[in-house]
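Working notes, beginning with the structure itself.
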Amino acid sequence: MSIKIPLNIAKPTLGALSTGLLLMTMQTTSAQAAGQYYNCANATGCELVSSKHWTSNHTDTKYPVVLVHGANGFNRLFGVLDYFYGIPQALINGGSNVFATKTSAIHNSEFRGEQLLQQVKIISAISGSPKVNLLGHSQGGIDIRYVAAMPTSYCGQPADTEVNGIKYYSFSGVGQITNGLDPSDYLLATTGLAFAGEPNDGLVSSCSSRLGYVIRDNYKMNHLDSVNQVVGLTAWGQPNPKSLYTTQVNRLKNESL
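To convert, count from 1 in the sequence shown and add 592; that's the numbering used here.
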């Protein structure tokens, strides 16, 4: 997607929609070297975590990739464990510039969206890029729609994949116990009971995850699997979550985003 961000943005009303993962591209106000990963936990700037000479240009997007965590989330725990586990590294190997943002772990998306908006402006200033590609997980998917001032609606197969020049993509999974060695799966199996049989990933229904171009809404993955957690313990014999991100960012590259 491509929108301008004014200095003073109106606060839109948000619907009660949760997403598995939402991916989109937005225009900011200000280009940078390839293959770098930044931690933006500091409200006034971003710290370079790693830089690699990429071995391919599979994910060498025109604009930086910005990762947005969900509720109770983090960007880089204790400076070691990424919320998007192994995903920034997979992306910079293909040429992406990746920025992991940090918003309040527990707050509404209007508040978190304002925090994210400020970080996007900082990222734009650091990178010199007029646009960024936003990838949000769980509540982060709502946060990035706030930044884009995109109204939400519940469920349904989206009629439009592009609104006001903004391209929207989403993917999600179904199932809760996907790897018997992952203790978090059993917690998600319990929370998933609240959906009374409706397909869900333990925290979000398949229906409510749909937005824009639906890449797929039935991957065998639960809510944490979609960010390659816990520490890579995901479903055996299924697509690797990291490959879903590299494929999507390659899609953005092919769209010249």
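Beta carbons: idealized from backbone N, C-alpha and C, even for Gly.
Residue closest to Asn-820, alpha-carbon to alpha-carbon, out of Asp-809, Ser-835 and Arg-808: Ser-835
Separation of Val-806 from Ala-682, as counted between CA atoms: Cα-Cα distance, rounded: 22 Å.
Cβ contact check for the region 784-795 and the region 708-728: 3 or more pairs under 8 Å: no
Range of the contiguous beta strand (DSSP E) that encloses Tyr-761: Note, Tyr-761: beta strand (DSSP E), 758-766.
Beta-carbon contacts of Gly-705 that lie in its chain and below 6 Å, excluding the five residues immediately before and after: Asp-735, Tyr-738 and Val-739
Spatially closest choice to Phe-676 from Lys-759, Gly-794 and Asn-631, by CA coordinates: Asn-631
Alpha-carbon to alpha-carbon, Thr-839 and Ala-625: With a pLDDT of only 45 at Ala-625, under 50, the local geometry of the prediction cannot be trusted, and the value read off the model is given with reservation. Going from the Cα of Ala-625 to the Cα of Thr-839 covers about 21 Å.
Alpha carbon of Trp-828 to alpha carbon of Phe-666, nearest angstrom: Their backbone Cα atoms lie some 26 Å apart in a straight line.
Cβ contact check for the region 639-652 and the region 684-691: 3 or more pairs under 8 Å: Touching, per the Cβ criterion.
Cβ neighbour criterion (16 or more within 10 Å) applied to Asp-752: The residue in question, Asp-752, is exposed, as its Cβ has fewer than 16 Cβ neighbours within 10 Å.
Rounded separation between Ser-764 and Glu-639 - CA only: 30 Å
Same chain only: Cβ atoms within 7 Å of Thr-693, ignoring 5 sequence neighbours per side: Cys-632, Val-658, Leu-659, Val-660, Asn-667, Leu-708 and Gln-711
Contacts around Asp-774, its chain only, beta-carbon distance under 6 Å, and the 5 residues preceding and following it disregarded: For Asp-774, where only same-chain residues beyond five positions count, the Cβ hits under 6 Å are Val-822 and Leu-825.
For Gln-830, the residue or residues it bridges with in DSSP: DSSP links Gln-830 through a beta bridge to no other residue.
Helix, strand or coil at Tyr-837 [DSSP, three-state]: For Tyr-837, the three-state secondary structure derived from DSSP is helix.
Inter-residue Cα distance where the pair is Tyr-837 and Thr-782: Using only the alpha carbons, I get a separation of about 28 Å.
Ala-663, buried or exposed, once every other Cβ within 10 Å from all chains shown has been counted against 16: buried
Buried/exposed call for Leu-868, threshold 16 Cβ in 10 Å: This structure leaves residue 868 out entirely; the chain is present only between 593 and 849.
Backbone CA spacing between Thr-621 and Ile-758 [nearest angstrom]: Annotation note: pLDDT 44 at Thr-621 (below 50); position unreliable, no value reported.
Cα-Cα separation between Gly-627 and Ile-715, rounded to whole angstroms: 15 Å
Reference Asp-777, options Gly-678, Ser-818 and Ile-698, closest by Cα: Of the candidates Gly-678, Ser-818 and Ile-698, the one whose C-alpha sits nearest the C-alpha of Asp-777 is Ser-818.
Ile-807, DSSP secondary structure in three states: strand
Buried or exposed (CB count within 10 angstroms, at least 16 for buried), Gly-804: buried
Member of Gly-732, Pro-680 and Gly-678 whose CA lies at the smallest distance from the CA of His-699: Gly-732
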